[in-house]
Amino acid sequence: MFNLALMWETGWLEGARWGHSPPTDTEHLATRFSSLQEEPYVMLKKSDKALVGNDRFEGFCIDLLKELSNILGFTYEIRLVPDGKYGSQDDKGQWNGMIRELIEHRADLAVAPLTITYMREKFIDFSKPFMSMGISILYRKPNATNNGFFSFLNPMTPDIWVYILLAYLGVSCVLFVIARFSPYEWYDAHPCNPGSDVVENNFTLLNSFWFGVGSLMQQGSELMPKALSTRIIGGIWWFFTLIIISSYTANLAAFLTVERMDSPVDSADDIAKQTKIEYGVVKDGATMTFFKKSKVSTFEKMWAFMSSKPSTSLVKSIEDGIQRVLKSDYALIMESTTIDYITRRNCNLTQVGGLIDSKGYGIGTPLGSPYRDKITIAILSILEDGRLHMLKEKWWSGSSCLDEERRETGPMGIQNLGGIFIVLASGLVLSVFVAIAEFIYKLRKTAERDQRSLCSAMVDEIRLSFTCERRVKHKPQPPVIVKTDAVINMHAYNDRRLPGKDNMSCSTGMTPVFP
């Protein structure tokens, strides 16, 4: 605990403006500051030289005092204070710590991580908060969990695995339908037998599923799409599998290298429901007062547990609490800003859960003190121009823990891979439109050649494509055209063959396949 004696150096008050006329002896106002030694707010400076006076101390509150002195124009002297507590009421209603210093006018200001509370506000005045925070839980980092037999599934969430399976089934079925629908995916099964009316399609339902599996496993298959529509499906499926496999491989490596932590408690409710882990607060602090005065059932239950074991639950200082957390199964409930500072420098500690409440640190003054408004205006000034944020970054940064060690790797969900599913669906829709265009274009040419109507050719083609049980179908036979004798004689006259042409044949050993 410190007592900081301040002297207004050249300040005189004129309305709401500070002037700089040389003051007389009666204008010197002796202002005493009370503070508390706590990292990183007020600390003893480490140096090989013997330090005296204000040079002995450093920290966030010390820099805040320097900023306030530059604005308001005062000098100050830091002195040790015998009482080492923030301030709380006993059963008789008597205050201790810095609050008592202000009530009894033994200090004019209290600059420390002093929480603004309802009970304190009834006995002293506070400036506007210079820092916002809440109550949270400090706990030792749990041991890494053992990987299970199916830990290879951890890089992705269960819903992603389900979506991948549905995408595989959907693409395979769409490929099968489009391949039978597109006329360019059918080919002559016996090219050496021009009279054969049998055409063949490689993409049966089973072959379509095999094509999808081969692509997903990055192995490929002997099946290759021929039509533009089926090639679009194949290309977009290959792109989909490339992203999925690459993401899975990268996240699997991270899961194997980063230890997974499994904390036994995740919130204040979890702590209140169990008795294995002891927990507590700093004695005579604002956090203890919060639990003592709270009417919430969970917090009342927690305070009943702590008050039943005051010797083990309540600690004298934050340093004692940290040692308890490190050496035993103990959780310390304290301000989140201090937890943030501690966990940045001790990689064995972590913050559990979110904030229990929301409060702020303020500078305390006696009731009716003229300093409160001046301090408030100065705090708002350095808050608005960003200097207060820079002070916090100065004293809270510089973590010795590597960011990679502090960052937990989580499974990839739909928020990470949702885009690739949208791309896949867009590719399937595009392939459907292309297949329809191919179907209409081919049938128009066929109908003109065979002198048939487009509707008739379309009905026959759809029926033949989707009623055949195997992967072959008969070619639609064009109408029979009766030739006249003159045409027959002309064909006979033009039928010239090379020597030996009659003996030429295409021997392939293949026979037409019929459904």
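The numbering of the sequence shown is the working numbering, which starts it at 50 and goes up by one.
Cβ atoms here follow ideal geometry from the backbone N, Cα and C, with glycine treated the same way.
Worksheet item: If you draw a straight line from the alpha carbon of V223 to that of P232, how long is it in whole angstroms?
Response: As the crow flies, the alpha-carbon of V223 is around 15 Å from that of P232.
Worksheet item: Quick one: what's got a C-beta closer than 7 Å to N203's C-beta in the same chain, skipping five residues either side?
Response: Closer than 7 Å at Cβ, skipping near neighbours: F304, P460.
Worksheet item: For V226, which of C504, F488, R501, R498 has the nearest alpha-carbon?
Response: Ranking C504, F488, R501, R498 by Cα distance to V226 puts F488 first.
Fill in: Residue closest to V478, alpha-carbon to alpha-carbon, out of S362, G219, D434
Of the candidates S362, G219, D434, the one whose C-alpha sits nearest the C-alpha of V478 is G219.
Worksheet entry | Beta carbon of I285 nearer than 8 Å to that of L473 | Between I285 and L473, the CB-CB gap stays under 8 Å.
Worksheet item: Apart from the five residues on each side of it in sequence, which residues of its chain come closer than 7 Å, Cβ to Cβ, to I28?
Response: Examination of residue 28 is not possible in this model, given that the chain is present from 50 through 564 alone.
Item to complete: Starting from I391, follow the beta strand (DSSP E) in both directions and report where the run begins and ends.
Response: It is not in any beta strand (DSSP E) - I391 instead sits in the alpha helix (DSSP H) that spans 385 to 394.
Worksheet item: If you check the beta carbons only, do Y212 and F482 fall under 8 Å apart?
Response: Their beta carbons are not under 8 Å apart, which means Y212 does not touch F482 by this criterion.
Worksheet item: How should M273 be labelled, buried or exposed, when 16 other C-beta atoms within 10 angstroms of its C-beta is the threshold for buried?
Response: Of the other Cβ atoms in all chains shown, fewer than 16 fall within 10 Å of the Cβ of M273; this residue is therefore exposed.
Worksheet item: Does the beta-carbon of P415 have 16 or more other beta-carbons within 10 angstroms, so that it is buried, or is it exposed?
Response: Classification for P415: buried.
Fill in: Three-pair Cβ contact test at 8 Å for the stretch 407 to 425 versus the stretch 167 to 181
Counting C-beta pairs with one atom in each stretch, the stretch 407 to 425 and the stretch 167 to 181 have three or more that are closer than 8 Å, which means they touch.
Item to complete: Could you pull out every residue in the same chain whose Cβ sits closer than 7 Å to the Cβ of I391, ignoring the five residues on either side in sequence?
Response: Once the five neighbours on either side are set aside, the close Cβ partners of I391 are L187, I371, L398.
Item to complete: Using alpha carbons as the reference points, say which of D140, V160, K95 lies closest to M147.
Response: Considering only alpha carbons, the answer is V160.
Item to complete: Mind reading off the beta-carbon distance from I209 to I463? Whole number of angstroms is fine, and I expect it under 8 Å.
Response: The C-beta separation of I209 from I463 comes to about 7 Å, placing the pair in contact by the 8 Å criterion.
Worksheet item: Rounded to a whole number of angstroms, what is the C-alpha to C-alpha distance between S257 and A299?
Response: Cα to Cα, S257 sits roughly 29 Å from A299.
Discussion item. With H, G and I counted as helix, E and B as strand and the rest as coil, what does DSSP make of S181?
Written reply: Strand, per DSSP.
Fill in: Whole-number beta carbon distance between L85 and V91, since they are thought to touch under 8 Å
The pair is a contact, with the Cβ atoms about 7 Å apart (cut-off 8 Å).
Worksheet entry | Limits of the beta strand (DSSP E) - the one that E567 falls within | In the structure as shown, the chain starts at 50 and stops at 564, and residue 567 therefore has no counterpart that could be examined.
Discussion item. Restricting to runs no shorter than 3 residues, where is the beta strand (DSSP E) found entirely within the stretch 206 to 249?
Written reply: Counting whole runs of 3 or more residues, the stretch 206 to 249 contains the beta strand (DSSP E) stretches 247 to 249.
Worksheet entry | Integer-rounded CB distance, given that D315 should sit under 8 Å from G402 | With a Cβ gap of about 6 Å, G402 and D315 count as contacting.
Fill in: Cα-Cα separation, D19 to F199
Residue 19 lies beyond the stretch modelled for the chain, which goes from 50 to 564, so this question has no answer here.
Worksheet item: Relative to the C-alpha of K95, which residue among G102, E107, P89 is closest?
Response: Per the Cα distances, E107.
Practice prompt. Drop a sphere of 10 angstroms on the beta-carbon of S357, count the other beta-carbons inside from all chains shown, and report buried for 16 or more, exposed for fewer.
Written response: Exposed is the call here.
Worksheet item: Candidates D97, E126, E497, Q400: which alpha carbon is nearest A317's?
Response: Taking only the C-alpha atoms, the option nearest A317 is Q400.
Discussion item. Can you tell me which residues form a DSSP beta bridge with V401?
Written reply: Beta-bridge partners assigned by DSSP to V401: I186.
Worksheet item: Leaving out five residues before and five after E349 in sequence, what residues of the same chain have Cβ atoms less than 7 Å from its Cβ?
Response: Apart from sequence neighbours up to five positions away, the residues of its chain that approach E349 with a beta-carbon distance below 7 Å are S343, ordered along the chain.
Practice prompt. Could you name the residues that DSSP lists as bridge partners for G409?
Written response: Bridge partners of G409: S181.
Discussion item. So, with DSSP's three-state summary, where would you put E349?
Written reply: In the structure shown, E349 falls within a helical segment according to DSSP collapsed to helix, strand and coil.
Item to complete: Answer with buried or exposed for Y167, where buried requires no fewer than 16 other C-beta atoms within 10 angstroms of its C-beta.
Response: So Y167 counts as exposed.
Worksheet item: Would you report the Cα separation of V529 and T253, rounded to the nearest angstrom?
Response: The predicted position of V529 is uncertain, since its pLDDT is 49 and thus under 50; a value taken from the coordinates is nonetheless stated next. The alpha-carbon atoms of V529 and T253 are separated by roughly 33 Å.
Practice prompt. List the residues that DSSP assigns as beta-bridge partners of L93.
Written response: As DSSP reads the structure, L93 sits in a beta bridge with F106.
Worksheet entry | Supposed contact pair I405 and I184 - C-beta distance, whole angstroms, cut 8 Å | I184 to I405, Cβ: 4 Å. Contact.
Worksheet item: Does DSSP put D132 in a helix, a strand or coil?
Response: D132 falls in the coil class under three-state DSSP.
Fill in: Buried versus exposed, by CB contacts within 10 Å (16 or more), D434
Classified as exposed, D434 has fewer than 16 neighbouring CB atoms from the shown chains inside 10 Å of its CB.
Worksheet entry | With 16 other Cβ atoms within 10 Å as the buried cut-off, status of N119 | Exposed, because fewer than 16 other Cβ atoms sit within 10 Å of the Cβ of N119.
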